[in-house]
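Using UniProt numbering, the letters of the sequence shown map in sequence onto residues 1 to 212. Report on one structure; see the data block that follows.
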Amino acid sequence: MASEKHFKYVILGGGVAAGYAAREFGKQGVQPGELAIISKESVAPYERPALSKGYLFPQNAARLPGFHTCVGGGGEKLLPEWYTEKGIELILSTEIVKADLASKTLTSAAGATFTYETLLIATGSSTIKLIDFGVQGAESNNILYLREIDDADKLVAAMQAKKDGKAVVVGGGYIGLELSAALKINNFDVTMVYPEPWCSKSDCSCLLSLFF
């Protein structure tokens with residue numbers, strides 16, 4: 001029979017927002033056992049921006065525990081031990097597949113249930129995948145995405161296996177630019193594809209984008 005746990009507060013997600021929210025709960029004096037963080041990832045909350053920059057460097061690459069939250073904001077690095085000390089339960093490698101808001105119940109892919117009094121959804125955005133559009137061959141091994149640390153590990157492995165190769169980056173925003181720069185540092189020939197007339201259109205003028 002699947003287990004059931006109850007918490008006063010549940011944070012759903014394991015990225016930047018989850019870590020900073022947990023820090024604030026700690027400051028506000030959350031009691032041991034009141035708060036849980038549920039994440040489908042296998043590690044404590046971390047600063048995702050590192051994945052498109054330092055994590056991809058060919059030398060002295062960033063690795064955990066170096067960029068757990070909240071180092072991005074100049075704060076304390078919240079290692080798993082910090083959550084234990086605060087009595088905050090980390091429920092990792094757990095994907096929530098159903099949320100019944102009326103009964104305040106979450107159900108995991110494994111059938112475990114979690115009830116709560118207050119739910120904070122901190123899952124962030126999701127990656128748009130080619131398979132969502134029915135693109136033929138969208139599940140090929142050489143088509144990669146970048147959102148989570150597992151994605152970054154696959155990208156690092158691909159770069160190491162295909163040294164001095166060629167890459168196409170779909171997307172011309174900050175992440176696309178950072179990823180393209182990281183690929184160039186790894187001696188890849190990079191082509192960027194994006195629908196806007198220039199890269200990072202929402203953040204840069206045409207003149208500024210020419211610099212990139």
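Just so it is clear, CB atoms sit at the ideal spot from N, CA and C, and this is done for glycine as well.
Note that the region 22-32 does not touch the region 141-159; fewer than 3 beta-carbon pairs, one per stretch, sit closer than 8 Å. In the DSSP assignment, Glu81 falls within the unbroken alpha helix (DSSP H) covering 80-86.
Here Glu47 is buried: its Cβ has 16 or more other Cβ atoms, across all protein chains shown, within 10 Å.
Each of Leu130, Val71, Ile37 was checked against the Cα of Ala50, and the nearest Cα belongs to Val71. For Asp189, the secondary structure class from DSSP, reduced to helix, strand or coil, is strand. A direct Cα-Cα distance of roughly 19 Å separates Thr118 from Thr94. The Cβ atoms of Met192 and Gly172 sit closer than 8 Å to each other.
When DSSP states are grouped into helix, strand and coil, Ala99 belongs to the strand group. For Ser125, the secondary structure class from DSSP, reduced to helix, strand or coil, is coil.
Taken in chain order, the complete alpha helix (DSSP H) segments of 4 residues or longer contained in the region 3-28 are 16-27. DSSP places Tyr174 within a helical segment (H, G or I) once states are collapsed to three.
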